[in-house]
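Just so we're on the same page, my numbering is the position in the sequence shown counted from 1, plus 6.
All residues carry an ideal CB built from backbone N, CA and C; glycine is no exception.
Everything below concerns the one structure shown next.
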Amino acid sequence: MSFDRTLKIAPSILSADFANFGREIEAIEAQGADWVHVDVMDGHFVPNLTFGPQLCRAIRPHIKTVMDVHLMIAPVDPYIEAYADAGADVITAHIEAGPHIHRTLQAIRATGAKAGVALNPGTPADAVAHLLDLCDLVCVMTVNPGFGGQSFIDMTDKVRQLRAMIGDRPIHIEIDGGMDPKTAPLMTAAGADVLVAGSAVFKGGSVTTPEVYGANMKAIRDAVTG
Ligand code: DX5
Ligand code: ZN
């Protein structure tokens, strides 16, 4: 995985047809998705349950781009290796998920995966000040994690602060939650380069009408690039 700050759209398969992940992934990639975002929820750190490592392993052969695994679980450390073995390129853990995020990021990097740290809306940018040398991505949540389709919570100031803190370091800023053609430009203008979008990408389309996914992603890209 090489680093750059060009815009990347990462559809969240939380909004895909759960009976059809392989074809859904192939459809979004054929329509121009840059990364594939996989939302892992444990029914404890967040009030919803989704994908285990076996599901990730099963869908991995269908992903040609980047498998971006967002762990909304606590504890995190006992599961890192399983998600890395399942083929995750990026593994993101929440700073709020336990007392030892520093150790967690080291453990993610030790597997060879890129390490991400996610911040809930209530967590300030400063919380990552002593973690930046250990991470490849900072994920700014613009909803409270747990569900797709929630309303955007404006985190423009936080993204701006993070962008300044990051400077020249090769660290992505990812935004997760409520991204659509209206909200996405606010976040990229503030310094984000990876936009996770679930409902705004999958709405109105299906594997038999994949061009809708393409049009939905193009609407976000056009809104950002003007
Ligand atoms: C929220 C998840 C998001 C979510 C985004 O807990 O982390 O990735 O699926 O969905 P939308 O784009 O519908 O807000
Ligand atoms: Zn996510």
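task = List in chain order: all unbroken alpha helix (DSSP H) runs of 4+ residues lying wholly within the region 124 to 157.
result = none
query = Skipping 5 residues on each side, what residues in its chain have a beta carbon closer than 6 Å to that of P53?
reply = G152
request  = Give the single residue among G128, D142, A64 and E30 whose Cα lies nearest to the Cα of D160.
outcome  = G128
request  = Helix, strand or coil for T162, going by three-state DSSP, please let me know.
outcome  = helix
task = Specify, as a first and last residue, the run of the alpha helix (DSSP H) that K224 falls within.
result = E217 to T231
query = Could you give the C-beta distance for V96 and L143, rounded to a whole number, given that I count them as a contact under 8 Å?
reply = 6 Å
ask   = CB of S157 to nearest heavy atom of ligand 2: below 7 Å?
value = no
Close Cβ partners of R63 (< 7 Å) along its chain, the five nearest in sequence each way excluded = A92 and G93
key: Pairwise C-alpha distance: G204 and I79   = 19 Å
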